[in-house]
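Engineer:
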Amino acid sequence: AQKVTQAQTEISVVEKEDVTLDCVYETRDTTYYLFWYKQPPSGELVFLIRRNSFDEQNEISGRYSWNFQKSTSSFNFTITASQVVDSAVYFCALMSRDDKIIFGKGTRLHILP
Amino acid sequence: DVKVTQSSRYLVKRTGEKVFLECVQDMDHENMFWYRQDPGLGLRLIYFSYDVKMKEKGDIPEGYSVSREKKERFSLILESASTNQTSMYLCASNLYSRGNYEQYFGPGTRLTVT
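Quick note, the sequences are listed as chains A and B, same order.
Taken in order, the first sequence gives residues 1172 to 1284; the numbers are from my numbering.
Taken in order, the second sequence gives residues 58 to 171; the numbers are from my numbering.
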């Protein structure tokens, strides 16, 4: 069975703090893709990153970084020096054999000024 | 830029009404999807379509049907709306090629059934 777990339902941090959002996935497939999406208060999900199962390189994009570890089936997302505009719901997602993407339940992130 | 549009941002319908939610994408994507989003449950897949006139059930298809007569348009139909179908409905599309599997989402339709 495929599953994505985001254990943190809600996180609050003060602006400029670093914050890590956890994502643990389950799949029996050897080829799969992992994603992170951001859903700001406006409601539209915005794609942030895609990773395939053969590429374990960590990625950094500005203040955002992602740590993919197959050994622990985790794909964690870190925001450095958080800003109020980072406040949103963040979803981790998994796709393997078919085109269906399975989403975690999301982590609501509050950045307090 | 990929654009996915949904016919309404907010919709209020009465129990028993037939409801149509429309979704249009402008990037020639093969695949289109309908999700509903509820607090604490995340996104759940209702139906998806990988080609014109093709459809596949997702995780929660009961009470819904879909139609895809043209590649760019994917409609979600609530045959007889019920209060437990009050939710946010999200449409998405993706291009099935070269590993570019990320989905692009519309702004959502918040449906209230009274």
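All residues carry an ideal CB built from backbone N, CA and C; glycine is no exception.
Residues in the same chain with beta-carbon distance under 6 Å from residue 78 of chain B, minus the five sequence neighbours each way, listed in chain order, please.
Structural biologist: Position 21 of the second sequence, counted from the first residue, corresponds to residue 78 of chain B. Correct list, in chain order: 133, 146, 166.
Engineer: Identify every residue that forms a DSSP beta bridge with residue 1222 of chain A.
Structural biologist: The sequence position of residue 1222 of chain A within the first sequence is 51, counting from 1. DSSP lists A:1205 as partners of residue 1222 of chain A.
Engineer: Taking the alpha carbon of residue 1235 of chain A as the reference point, which residue from A:1278, A:1250, A:1207 has its own alpha carbon closest?
Structural biologist: Your numbering for residue 1235 of chain A matches position 64 in the first sequence. Nearest of A:1278, A:1250, A:1207 to residue 1235 of chain A, Cα basis: A:1250.
Engineer: Beta strand (DSSP E) containing residue 95 of chain B: first to last residue?
Structural biologist: On the second sequence, residue 95 of chain B is found 38 positions in, with the first residue counted as 1. Boundaries of the beta strand (DSSP E) harbouring residue 95 of chain B: 88-95, taken from the DSSP string.
Engineer: If we ignore side chains and look at the alpha-carbon of each, how far apart do residue 107 of chain B and residue 99 of chain B end up?
Structural biologist: Taking the first residue of the second sequence as position 1, residue 107 of chain B is located at position 50. Taking the first residue of the second sequence as position 1, residue 99 of chain B is located at position 42. In a straight line, the C-alpha of residue 107 of chain B is about 23 Å away from that of residue 99 of chain B.
Engineer: One question on the structure: do residue 1282 of chain A and residue 1217 of chain A come within less than 8 Å of each other, judged by their Cβ atoms?
Structural biologist: Taking the first residue of the first sequence as position 1, residue 1282 of chain A is located at position 111. Taking the first residue of the first sequence as position 1, residue 1217 of chain A is located at position 46. No, the Cβ-Cβ distance between residue 1282 of chain A and residue 1217 of chain A is not below 8 Å.
Engineer: Got a sec: is the Cβ-Cβ distance from residue 1174 of chain A to anything in chain B below 8 Å?
Structural biologist: Within the first sequence, the letter at position 3 stands for residue 1174 of chain A. No, residue 1174 of chain A does not count as interfacial toward chain B.
Engineer: How long is the line joining the alpha carbons of residue 151 of chain B and residue 114 of chain B, rounded to whole angstroms?
Structural biologist: Within the second sequence, numbered from 1, the residue matching residue 151 of chain B stands at position 94. Within the second sequence, numbered from 1, the residue matching residue 114 of chain B stands at position 57. Spanning the two alpha carbons is a distance of roughly 17 Å.
Engineer: Taking the beta strand (DSSP E) that residue 132 of chain B belongs to, which residues open and close that run?
Structural biologist: The residue given as residue 132 of chain B occupies position 75 in the second sequence. Note, residue 132 of chain B: beta strand (DSSP E), 130-135.
Engineer: Under 8 Å between C-beta atoms, does residue 131 of chain B make it to chain A?
Structural biologist: Position 74 of the second sequence, counting from 1, holds the residue named residue 131 of chain B. Chain A contact via Cβ: absent.
Engineer: Where residue 1180 of chain A and residue 1193 of chain A are concerned, what is the direct C-alpha to C-alpha distance, given to the nearest angstrom?
Structural biologist: Sequence index remark: in the first sequence, residue 1180 of chain A carries index 9 (1-based). Sequence index remark: in the first sequence, residue 1193 of chain A carries index 22 (1-based). If you take the alpha carbons of residue 1180 of chain A and residue 1193 of chain A, they lie about 10 Å apart.
Engineer: If you count every other CB in all the chains shown that lies within 10 Å of the CB of residue 1257 of chain A, and 16 or more means buried, which is it?
Structural biologist: On the first sequence, residue 1257 of chain A is found 86 positions in, with the first residue counted as 1. So residue 1257 of chain A ends up on the buried side.
Engineer: Can you give me the C-alpha to C-alpha distance between residue 144 of chain B and residue 118 of chain B, rounded to a whole angstrom?
Structural biologist: Taking the second sequence and counting its residues from 1, the one referred to as residue 144 of chain B is at position 87. Taking the second sequence and counting its residues from 1, the one referred to as residue 118 of chain B is at position 61. Their Cα atoms are separated by approximately 14 Å.
Engineer: Taking 8 Å as the threshold (beta carbon to beta carbon), is residue 102 of chain B in contact with chain A?
Structural biologist: Reading the second sequence from its first residue, position 45 is the one you call residue 102 of chain B. Taking Cβ atoms only, chain A reaches closer than 8 Å to residue 102 of chain B, which makes this a yes.
Engineer: Whole angstroms are fine: how far does the CA of residue 139 of chain B sit from the CA of residue 20 of chain B?
Structural biologist: Nothing can be reported for residue 20 of chain B: it is not among the residues displayed for chain B, which extend from 58 to 171.
Engineer: Please say whether residue 60 of chain B and residue 95 of chain B have beta carbons closer to each other than 8 Å?
Structural biologist: The residue given as residue 95 of chain B occupies position 38 in the second sequence. The residue given as residue 60 of chain B occupies position 3 in the second sequence. Contact: no.
Engineer: Taking 8 Å as the cut-off, decide whether the C-beta atoms of residue 1272 of chain A and residue 1280 of chain A are in contact.
Structural biologist: Within the first sequence, the letter at position 101 stands for residue 1272 of chain A. Within the first sequence, the letter at position 109 stands for residue 1280 of chain A. Result no, Cβ atoms of residue 1272 of chain A and residue 1280 of chain A do not sit closer than 8 Å.
Engineer: At 9 Å on the CB atoms, spell out the chain A contacts of residue 49 of chain B, in chain order.
Structural biologist: Outside the modelled stretch of chain B, which goes from 58 to 171, sits residue 49 of chain B, for which no answer is possible.
Engineer: Could you tell me whether the Cβ of residue 1276 of chain A comes closer than 8 Å to any Cβ of chain B?
Structural biologist: Here residue 1276 of chain A is taken as the residue at index 105 of the first sequence, counted from 1. At least one CB of chain B lies nearer than 8 Å to the CB of residue 1276 of chain A.
Engineer: Quick check for students: name the residue ranges of the beta strand (DSSP E) that lie wholly in the stretch 94-124 of chain B, counting only runs of 3 or more.
Structural biologist: 99-106
Engineer: In three-state DSSP terms, what is residue 1174 of chain A?
Structural biologist: As a first step, residue 1174 of chain A must be located in the first sequence, where it is residue number 3. It is a strand residue.
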